[in-house]
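Everything below concerns the one structure shown next.
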C-alpha cells in the first residue's frame, strides 16, 4: 500500500508476534463457533453483531501485519540533508551516521529510526515515525476486539437464553467451559496490558513526547503539551481527517510542518 517492507530477524520477536496471532486465531475461531453462530441460529442475536465482530477482527489483523512489516522510518546510510535544516541534524555515536533530531538508534535492529518511540517485540519491529499510527490502531482494535469477546462470553452464560440445540459429540461443546475460561483469561490479560500501553501512547502523543524521551528526561517541561492535541495526532496519522485515523488500509502521507517546530527536543 505504498509502504516499504521491513523485516527484523529476531527470534524473540517472532515468538512474541506468534503468540499474539495465536490468541487472535483462538478467539476468532472459537468465540463465533461457541457463542455467536449458535445464538444467531436460534434468533437470540442479530446477524449484524457477527459482522461487527469479524470487521473488528480484520482491522486488528491488518493493523498488526502492517505495523510489523512497515518500515518504521529507517534512515539511509547517506541521507540527503536539506541545506536549510543542517542545524537540526546530529551525528549518531553508534552508527556514525547523520540523523534528524528526535531520531534514535535501535540496538536490536541495528540502525537509527526517525522519531523512534520504542522497539516493540509484540510486532517484532520498532515503532517510529512511519508506523506509529498503525501501532496505535493495533492497540485500539485489540482492546475493542477483546472487550467485544469478553462481553459475549459474559452474555453467553448470564444474559442470553439457553441454547436448545446441542451436538454433544462436538469437541467444542464437550469442553465448552474449559475453552471459554481460557478465552476469558487471555482476554482479561490482554485487556489489562493493552489498556496500560494504549493509555501511555495517547499521553505521549498529546504531550508530543516519545517513550524514549520520557525515559531519558531530556525535556524539563516534558509533561506540558506544546501543540494542540489535534495537531499532534494529525502529524502521527498523516491526515487531519479524523475518520481516516481509524482506517488501517490507507497510505500515510506526512504532514508538512516547520522543521524547527517538529524538532523542539
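Numbering (the UniProt record's numbering), first residue to last: 1 to 265. C-beta atoms are modelled at their ideal positions from N, C-alpha and C, and glycine is treated no differently. Quick caveat: nothing in here was measured; it's all calculated off a predicted structure.
Per DSSP, residue 60 is one residue of the alpha helix (DSSP H) stretching across 47 to 69. With a threshold of 16 other beta carbon atoms within 10 Å, residue 189 falls short and is exposed.
Spanning the alpha carbons of residue 63 and residue 140 requires a straight line of approximately 10 Å. In the three-state scheme derived from DSSP, where H, G and I count as helix and E and B as strand, residue 236 is classed as helix.
When secondary structure is reduced to three states using DSSP, residue 21 falls in the helix class. With respect to the 8 Å criterion, residue 160 and residue 205 are not classified as neighbours on the basis of their beta carbons.
If you draw a straight line from the Cα of residue 138 to the Cα of residue 177, it is about 29 Å long. DSSP, reduced to helix, strand and coil, places residue 161 outside both helices and strands of the structure shown, so it counts as coil. In the three-state DSSP reduction, residue 27 falls in the helix class (H, G or I).
Counting along the chain, residue 190 sits inside the alpha helix (DSSP H) bounded by residues 176 to 206.
Counting of Cβ neighbours within 10 angstroms places residue 216 among the exposed residues, the total staying below 16. When secondary structure is reduced to three states using DSSP, residue 6 falls in the coil class, being assigned neither helix nor strand.
Going by DSSP, residue 39 is part of no beta strand (DSSP E) but of the alpha helix (DSSP H) stretching over 37 to 41. When the beta-carbon positions are compared, residue 106 and residue 120 stay at least 8 Å from each other. Going by C-alpha positions, residue 30 is about 22 Å away from residue 193. Taken through DSSP and simplified to helix, strand or coil, residue 90 comes out as strand.
Per the Cβ contact rule, the region 128 to 136 is in contact with the region 231 to 251 (3 or more Cβ pairs under 8 Å). In the DSSP annotation of this structure, the continuous segment of the beta strand (DSSP E) that includes residue 98 starts and ends at 98 to 100. Per DSSP, residue 214 is one residue of the alpha helix (DSSP H) stretching across 211 to 216.
The residues 133, 252, 253, 254, 255, in chain order, have a CB closer than 7 Å to that of residue 238 in the same chain once the five nearest residues on each side in sequence are set aside. The closest CA to that of residue 54, considering only 142, 110, 196, is found on 142.
Proximity of the region 72 to 88 to the region 41 to 57 falls short of the contact definition, fewer than three beta-carbon pairs being nearer than 8 Å.
Two segments are said to touch when three or more pairs of C-beta atoms, one from each, lie closer than 8 Å; by this definition the region 111 to 118 touches the region 90 to 103.
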